[in-house]
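Read the structure below first, then the notes.
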Amino acid sequence: MARKVWAYARVSTRDQDPQLQLDALEADGYDGLVMEKESGKRGTARPEWEELLTKPVAGDTLKFWKSDRWGRSAGHVLTTVTELHERGVRVVSLTENFDLETKEGRFMFAVLAAAAECELELRAERQAEGIAAAKRREAEGKMLPGKQRIGRPQVIGSAELAALRRLVDEGVSVIEAARTLKIGRSTAYAALSAR
């Protein structure tokens, strides 16, 4: 029976272009290709990937462009490589150029998979910190350079506050006074309670 070469390519979002991976895989040659546009993060369903893992048999090769295309969890990636190796399937990375048939190659693969997972976690931390900092700046009334607030102003001036107080003192409801002065109801309540 002829040995087959299976190829796998994946991009994380619909906007990403897989052409670089596809060109490299095509130049190296394969018998069957699986292409996915799915995130590799934990919990994401990847039916094409799961189906591909059932196809190679002993003596076949499964190749990919780079180890981070398999997924973001080092543990999951290593488990998959180990299972394929135990079934007699050769695993090849085109860009990292190491042999997963050797213990040194599997070690290098493990290091790269762990580095990819670490980078993903660091990126998520930096993103969360950036979002929190932006929210703090906005809460303090500070905006990023070149950014402008949209919507109604959150603070009313002293003349508007005096007019609001006068209307409320005259018996007009806060809601009606805010409507008359063309300020937001919550802004009117906040201004009256703050001063």
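In terms of this note's numbering, the sequence shown is numbered consecutively and its last residue is 198. All C-beta atoms in this analysis are idealised placements derived from N, C-alpha and C, irrespective of residue type, glycine included. Remember, predicted model here, so these are calculated numbers, not experimental data.
Secondary structure note for Lys138: it is in no beta strand (DSSP E), and the uninterrupted alpha helix (DSSP H) holding it is Lys106 to Ala142. By a beta-carbon distance limit of 8 Å, Lys58 does not contact Gly32. Their separation comes to about 17 Å. When secondary structure is reduced to three states using DSSP, Val14 falls in the strand class. With at least 16 other beta carbons inside 10 angstroms of its own, Ile186 counts as buried. Arg49 sits in coil when the DSSP states are folded into three classes, being neither helix nor strand.
By the Cβ neighbour-count rule, Gln24 is buried, with 16 or more other Cβ atoms within 10 Å of its own. Residue pairing of Lys7 in beta bridges, as defined by DSSP: absent, with no partner found. For Glu39, the CB contacts under 7 Å within the same chain, skipping 5 residues up- and downstream, are Arg13, Arg49, Glu51 and Trp52 in chain order.
For Val171 and Ile134, the gap between their C-alpha atoms comes out near 39 Å. Closest in C-alpha terms to Tyr11, from the list Arg90, Phe67, Leu167 and Lys138, comes Phe67. Exclusion of the five residues before and after Thr64 leaves Arg6, Lys7, Val8, Trp9, Val92, Arg93, Val94 and Val95 as the residues of its chain whose Cβ lies within less than 8 Å of its Cβ. The beta carbon of Leu81 sits closer than 7 Å to the beta carbons of Ala113 and Ala116 from its chain, once the five residues preceding and following it are set aside; these are given in chain order.
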